[in-house]
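In this note's numbering, the protein residues as written are 73 to 343.
Ideal Cβ placement from N, Cα and C applies to all residues, glycine included.
Single-structure report; data block below.
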């Protein structure tokens, strides 16, 4: 008969083997993908990065309207949550860069926030204000901003309510640099198409991203254009992920990029 120690060791080794086998299967063999009908077969899909920031202040309704006039395929913008739980379209956590006011979005109610205007007389819009523009583009990428692992999660509930209200899943991708946010969103609303924004600062960051990709099984990989020739992109393609790259403003890079979509500030230049 085996001793208790031997039995426990065999059980542990069995668990390790199963975990290793399943992980290897997911990493090397298993494919995940869901249909996204708005992509083109013969060229990359063009997302207006924060609208058309060369024509109007970024992430404003006016900027989105300008990008549509320029013939953009889809819109990309960032969202944050105000103190009174309103979703606004804004990139930074602080108003300093664009409004020269040292205040944070999360510390202001929307009634306070809408009193501030940019230099071109535009203002920070609510997410609901984008609805009339949805029918004018093929797709919209909503990026959830976050300053850390546990930052930005409050927006998930209001965003789910927005998506459920407007029945626009066929046009929406929700992305973030924070995989934990995407994981929580996918658990609560599994039908949502998600895109993981990939960043590589050091070796362990790369593997952390890989672990999250296997756990999340994102539909899209959003990666910086300088990493388009990396093994990560080749691996993601084998998994069935769509590859979108940020932020491509160079026509030569655009023409050489054999990917599904690009985020750009210069729509007319790439068209």
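Between residue i and residue j, what straight-line distance do the alpha-carbon atoms span, to the nearest angstrom?
i: residue 168; j: residue 83; result: 57 Å
i: residue 276; j: residue 234; result: Note that residue 276 has pLDDT 44, beneath the 50 cutoff, so the model's placement of it is unreliable and no number is given.
i: residue 212; j: residue 262; result: 18 Å
i: residue 228; j: residue 257; result: 6 Å
i: residue 149; j: residue 306; result: 27 Å
i: residue 251; j: residue 333; result: 21 Å
i: residue 316; j: residue 231; result: 22 Å
i: residue 237; j: residue 110; result: 21 Å
i: residue 342; j: residue 175; result: 36 Å
i: residue 340; j: residue 329; result: 17 Å
i: residue 123; j: residue 324; result: 21 Å
i: residue 300; j: residue 287; result: 22 Å
i: residue 291; j: residue 336; result: 20 Å
i: residue 313; j: residue 163; result: 26 Å
i: residue 118; j: residue 105; result: 21 Å
i: residue 108; j: residue 80; result: 47 Å
i: residue 302; j: residue 172; result: 39 Å
i: residue 125; j: residue 192; result: 12 Å
i: residue 75; j: residue 304; result: 45 Å
By DSSP's criteria, residue i is part of a beta bridge. Which residues make up the other side?
i: residue 195; result: 189
i: residue 152; result: 160
i: residue 213; result: 148, 245
i: residue 143; result: Its beta-bridge partners do not exist; DSSP assigns none.
i: residue 120; result: 147, 336
i: residue 176; result: 166
Within its chain, find whatever has a CB closer than 8 Å to the CB of residue i; leave out the 5 residues flanking it on each side and keep chain order.
i: residue 198; result: 158, 159, 160, 161, 182
i: residue 209; result: 140, 144, 145, 146, 147, 243
i: residue 186; result: 195, 196
i: residue 133; result: 194, 197, 201, 202, 205
i: residue 320; result: 297, 326, 329, 334, 335, 336, 342
i: residue 165; result: 152, 176, 177, 178, 217, 219
i: residue 207; result: none
i: residue 226; result: 153, 157
Less than 7 Å between the C-beta atoms of residue i and residue j, yes or no?
i: residue 254; j: residue 240; result: no
i: residue 137; j: residue 127; result: no
i: residue 177; j: residue 195; result: no
i: residue 246; j: residue 221; result: no
i: residue 179; j: residue 217; result: no
i: residue 116; j: residue 331; result: yes
i: residue 103; j: residue 260; result: no
i: residue 129; j: residue 190; result: yes
Please list, in chain order, all residues of the same chain as residue i whose beta carbon is under 6 Å from its beta carbon, the five residues on each side excluded.
i: residue 284; result: 251
i: residue 120; result: 139, 144, 147, 339
i: residue 112; result: none
Give me, in chain order, the residues of the same chain whose beta-carbon lies closer than 7 Å to that of residue i; leave out the 5 immediate sequence neighbours on both sides.
i: residue 249; result: 218, 269, 271
i: residue 308; result: 293, 315
i: residue 224; result: 216, 217, 218, 250, 253
i: residue 289; result: 104
i: residue 282; result: none
i: residue 131; result: 122, 123, 149, 150, 161, 162, 163
What are the start and end residues of each continuous alpha helix (DSSP H) run of 4 or more residues lying completely inside the segment 251-338, in chain order?
251-260, 275-288, 303-310, 323-328
Report the residue ranges of all beta strand (DSSP E) runs contained in full by the segment 225-255; include only those spanning at least 3 residues, in chain order.
244-248
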